[in-house]
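Q: First to last, the sequence lines map onto chains A and B. Following the numbering used here, the numbering of the first sequence begins with 3 at its first residue and continues without gaps. Following the numbering used here, the numbering of the second sequence begins with 3 at its first residue and continues without gaps. Even glycine gets a Cβ: it sits at the ideal position worked out from N, Cα and C. Just so we're clear, the structure is a prediction, and the values are computed from it rather than from any experiment.
Number of protein chains: 2
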Amino acid sequence: MKQQEVFKAMADPTRRAILKRLQGGPLTAGEIGEAFDITPASLSHHFAVLKHADLVRTERRGQYIVYSLNSTVFEDLARMLMDLFPTKGKVGGK
Amino acid sequence: MKQQEVFKAMADPTRRAILKRLQGGPLTAGEIGEAFDITPASLSHHFAVLKHADLVRTERRGQYIVYSLNSTVFEDLARMLMDLFPTKGKVGGK
DNA sequence: TAGATACTTAGATATTTTTCTAAATATTGC
DNA sequence: GCAATATTTAGAAAAATATCTAAGTATCTA
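#1: Taking C-beta to C-beta, are S70(A) and R59(A) nearer than 8 Å?
#2: Measuring CA to CA, which of E77(A), I34(A), V51(A) is closest to D85(B)?
#3: To test your reading of the DSSP string, which unbroken alpha helix (DSSP H) runs of 4 or more residues are found completely within the segment 8-66 of chain B?
#4: Is it true that the CB of V51(A) sits closer than 8 Å to the CB of A11(A)?
#5: Compare the C-alpha of K22(B) against each of M82(B), L83(B), N72(B) and name the closest.
#6: Taking 8 Å as the threshold (beta carbon to beta carbon), is P28(B) in contact with chain A?
#7: Any residues in the segment 62-85 of chain B with a beta carbon nearer than 8 Å to a beta carbon of chain A? Which ones, in chain order?
#8: Leaving aside the five residues before and after G35(A) along the sequence, list all residues of the same chain whose C-beta is less than 7 Å from its C-beta, in chain order.
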């Protein structure tokens with residue numbers, strides 16, 4: 003996991019909103035864009051950042067490009083966070 | 003939890019390193035600073051960001067200021083992340 | 001193949017963030 | 001109170017990021 007890329011990607015509210023929209027399942031770039039008051043070009047930039055962080059996957063379907071969440075990286079990130087703060091309870095993890 | 007502030011705080015590698023240093027227990031600003039090749043003023047800015055996100059707590063002890071982690075917010079953040087990606091298993095979540 | 005639709009890339013500008021230097025505040029010990 | 005130490009605040013410069021317009025690529029339909 004490229005930690006820096008992931009955190010940077012998550013730092014922008016628009017990108018978090020994009021991820022949120024994808025919770026319901028895969029969507030095309032256009033469908034995602036409907037919810038935002040931003041040009042397709044800017045959206046595309048955000049997609050690129052999310053993709054670079056490996057937070058989303060893409061698949062071309064005809065003239066559309068379908069985006070979907072990559073849950074694996076979220077899990078890694080959550081794990082990393084759990085790791086970052088000291089354990090208060092009794093259980094194992096250093 | 004101020005989600006935006008927390009993510010923004012986590013997005014900088016220096017700030018993540020500061021948090022990491024604090025895993026071992028509270029430290030003064032100066033002690034933290036030893037590990038970084040950066041001016042005290044810049045460090046202080048990073049502290050302010052971390053504090054604003056409520057990721058660290060401070061306490062003045064004489065002429066020193068002691069920083070410590072606020073684990074609560076980390077837990078909130080981890081929870082939030084778990085929440086952000088769709089449940090794969092059968093259990094409950096939305 | 002031409003025209004329409006969906007999306008990305010390039011390049012410019014505006015905003016935000018990081019960092020620095022210099023100066024200010026707080027506390028200690030004489 | 002004064003000098004020394006620890007840290008923060010203010011203000012400026014440099015670097016990174018978000019956004020836009022215009023132009024490019026890919027695919028579909030006729």
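A: Inspection of the coordinates gives the following:
#1: Working through the first sequence from its first residue, we reach residue 70(A) at position 68. Working through the first sequence from its first residue, we reach residue 59(A) at position 57. The answer is yes: Cβ separation under 8 Å.
#2: By 1-based counting over the second sequence, the position of residue 85(B) is 83. Checking every option, the nearest Cα to that of D85(B) belongs to E77(A).
#3: 15-24, 31-35, 42-54
#4: In the first sequence, the residue the question calls residue 11(A) occupies position 9. In the first sequence, the residue the question calls residue 51(A) occupies position 49. Yes, they are a contact pair.
#5: Indexing the second sequence from 1 puts residue 22(B) at position 20. Ranking the options by Cα distance to K22(B), first place goes to N72(B).
#6: Mapped onto the second sequence, residue 28(B) falls at position 26. So no, P28(B) is outside the interface.
#7: L71, S73, F76, E77, L79, A80, L83, M84
#8: As a working note, residue 35(A) is residue 33 in the first sequence. Cβ within range, chain order: P42, L45.
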